[in-house]
Amino acid sequence: MTTIGVFDSGIGGLTVAKQINLLLPSAKIIYFGDIAHLPYGDKSKEAIVSYAKKIGEFLIDQNCQHIVIACNTASAFAFESLKRHLYGKAFVYNVIDPVVEYVLNNYSNDKIGVIGTKGTISSRIYPRKINKKSSVLKVTSLATPLLAPMIEEGFFNNNISKTIINAYLSKKELTSIKAIILACTHYPLIEDAISEYYGKSVDVLNTAEIVAKYFLNKIGNSVVVASSQPKHQFYVSDYTDSFKETSQLFFGEQIKLTKKNIWD
Ligand code: DGL
């Protein structure tokens with residue numbers, strides 16, 4: 007059976023797991039949310055690489071043949087190290103390359119905005135990757151560190167979230183953009199509020215959908231169909247009731263989070 011490991015700092019990566027499940031329903035998903043180390047957005051590269059390696063080893067032990075780093079921050083800091091670390095054991099994917107490819111295929115001569123954690127934005131991974139292939143696309147970035155914790159706490163679709171989102175989106179960095187990359191796997195949950203702010207003038211890029219389609223193209227033909235409906239598994243390195251409630255919104259259906267200590 008094809009087993010896909012998906013991990014994030016918390017439950018944001020469930021937005022990616024949800025889209026993968028929609029497109030590849032016969033593959034089994036094993037999810038790991040590293041809630042004990044949340045947020046990754048302000049951790050050092052060294053810390054994130056060490057977390058990613060440990061989680062990668064855990065997912066290999068669960069027989070995952072494919073591992074998706076469903077976190078922009080970890081993709082920016084740990085993708086190359088994890089790929090090397092798991093070489094010959096599993097194929098490793100990040101959430102940045104599919105979005106970069108999408109932008110290059112769909113825009114030219116435009117200004118593209120990127121919002122994400124401090125880590126993702128300070129790594130400059132999006133402008134570097136996009137401008138390596140296109141010198142005419144302009145990429146402008148803004149760190150929006152309040153958004154992921156706000157969403158994890160269940161604040162979206164209310165006045166507080168709207169005020170914070172609008173305060174960020176009205177910053178000068180994001181003026182005159184043609185599209186905005188939601189460069190954090192938590193942000194699909196506030197996609198509607200962002201689209202509402204812009205009206206039809208700016209394309210809001212739902213990166214979870216883009217990543218899942220890219221992944222389907224890469225592995226779709228090789229998926230070994232399970233004889234019965236696969237039972238997905240969801241692990242977290244720490245557990246609170248608020249995560250339990252919010253995780254359903256992220257994955258779109260009721261799921262059971264199992265606490266798992268992989269650090270000892
Ligand atoms: N989901 C993570 C990302 O895509 C951000 C959350 C965090 O800071 O841990 O970057």
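So the sequence shown is residues 7 to 270, counted in the working numbering. Beta carbons are placed, not taken as given, at the ideal position from N, Cα and C, and that holds for glycine.
Are I10 and I35 closer than 8 Å when you measure CB to CB?
For the purposes of this step, residue 10 is taken as the residue at position 4 of the sequence shown. For the purposes of this step, residue 35 is taken as the residue at position 29 of the sequence shown. Going by C-beta atoms, I10 is nearer than 8 Å to I35.
Can you list, in chain order, the residues of its chain with a C-beta nearer than 8 Å to that of L211? Leave out the 5 residues immediately preceding and following it.
In the sequence shown, residue 211 corresponds to position 205, counting from 1. Correct list, in chain order: V105, Y108, V109, A185, I186, I187, L188.
Using only alpha-carbon positions, find the residue among I131, A214, T79 that is nearest to L195.
For the purposes of this step, residue 195 is identified with residue 189 of the sequence shown, where counting begins at 1. Of I131, A214, T79, the residue nearest in Cα terms is A214.
Rounded to the nearest angstrom, what separates S141 and L88 at their Cα positions?
Taking the first residue of the sequence shown as 1, we reach residue 141 at position 135. Taking the first residue of the sequence shown as 1, we reach residue 88 at position 82. So the alpha carbons of these two residues sit roughly 29 Å apart.
Distance, Cα to Cα, C190 vs S234?
As a position in the sequence shown, residue 190 is number 184, starting the count at 1. As a position in the sequence shown, residue 234 is number 228, starting the count at 1. If I take the Cα positions, the gap works out to 33 Å.
Among F256, G258, Y241, which one has its Cα closest to the Cα of F38?
Against the sequence shown, residue 38 aligns to sequence position 32. Comparing Cα positions, the closest option is Y241.
P155 to T8, Cα distance in whole Å?
The residue you call residue 155 lines up with position 149 of the sequence shown. The residue you call residue 8 lines up with position 2 of the sequence shown. The straight-line gap from Cα to Cα measures roughly 33 Å.
Consult DSSP for N78 and reduce its assignment to one of helix, strand or coil.
Against the sequence shown, residue 78 aligns to sequence position 72. Assigned with DSSP and collapsed to three states, N78 falls in helix.
Where the alpha helix (DSSP H) containing V109 begins and where it ends:
For the purposes of this step, residue 109 is taken as residue 103 along the sequence shown, with counting starting at 1. Start and end: 103-112.
Got a sec? Which residues, its chain only, sit under 7 Å from F83 by beta carbon, not counting five neighbours each side?
Counting from one through the sequence shown, the residue named residue 83 turns up at place 77. Excluding positions up to five away in sequence, the list reads K51, I54, V55, G125, S129.
Buried or exposed: which applies to G205, given that a residue is buried once 16 or more other Cβ atoms fall within 10 Å of its Cβ?
Counted from its first residue, the sequence shown places residue 205 at position 199. So G205 counts as exposed.
So the beta strand (DSSP E) Q71 belongs to, where does it begin and stop?
For the purposes of this step, residue 71 is taken as the residue at position 65 of the sequence shown. Taken as a continuous stretch (DSSP letters only), Q71 belongs to no beta strand (DSSP E), as it is neither H nor E.
Assumed close pair I183, I118 - CB separation to whole angstroms, cut-off 8 Å:
Start at 1 with the first residue of the sequence shown, and residue 183 comes out as number 177. Start at 1 with the first residue of the sequence shown, and residue 118 comes out as number 112. About 6 Å separates the beta carbon of I183 from that of I118, a gap short enough to meet the 8 Å contact definition.
What number of angstroms, rounded off, separates the C-alpha of F13 from the C-alpha of I166?
Position 7 of the sequence shown holds residue 13. Position 160 of the sequence shown holds residue 166. Computed Cα separation, rounded: 28 Å.
T213: first and last residue of the uninterrupted alpha helix (DSSP H) it sits in:
If you number the sequence shown from 1, residue 213 lands on position 207. Counting along the chain, T213 sits inside the alpha helix (DSSP H) bounded by residues 213-225.
DSSP has N164 in a bridge; who is on the other side?
Within the sequence shown, the letter at position 158 stands for residue 164. Beta-bridge analysis with DSSP links N164 to no other residue.
What residue ranges within the stretch 133-162 form continuous alpha helix (DSSP H) runs of no fewer than 4 residues, ordered along the chain?
Listed in chain order, they are 153-158.
Which same chain residues end up closer than 8 Å to N115 when comparing Cβ atoms and leaving out the 5 residues on each side of it in sequence?
Taking the first residue of the sequence shown as 1, we reach residue 115 at position 109. Once the five neighbours on either side are set aside, the close Cβ partners of N115 are V142, L143.
Just checking G19 against the ligand DGL - is the residue's beta carbon closer than 7 Å to any of the ligand's heavy atoms?
Against the sequence shown, residue 19 aligns to sequence position 13. Indeed, a heavy atom of the ligand DGL lies less than 7 Å from the Cβ.
For L88, which three-state DSSP category applies?
Against the sequence shown, residue 88 aligns to sequence position 82. Note: L88 maps to helix in three-state DSSP.
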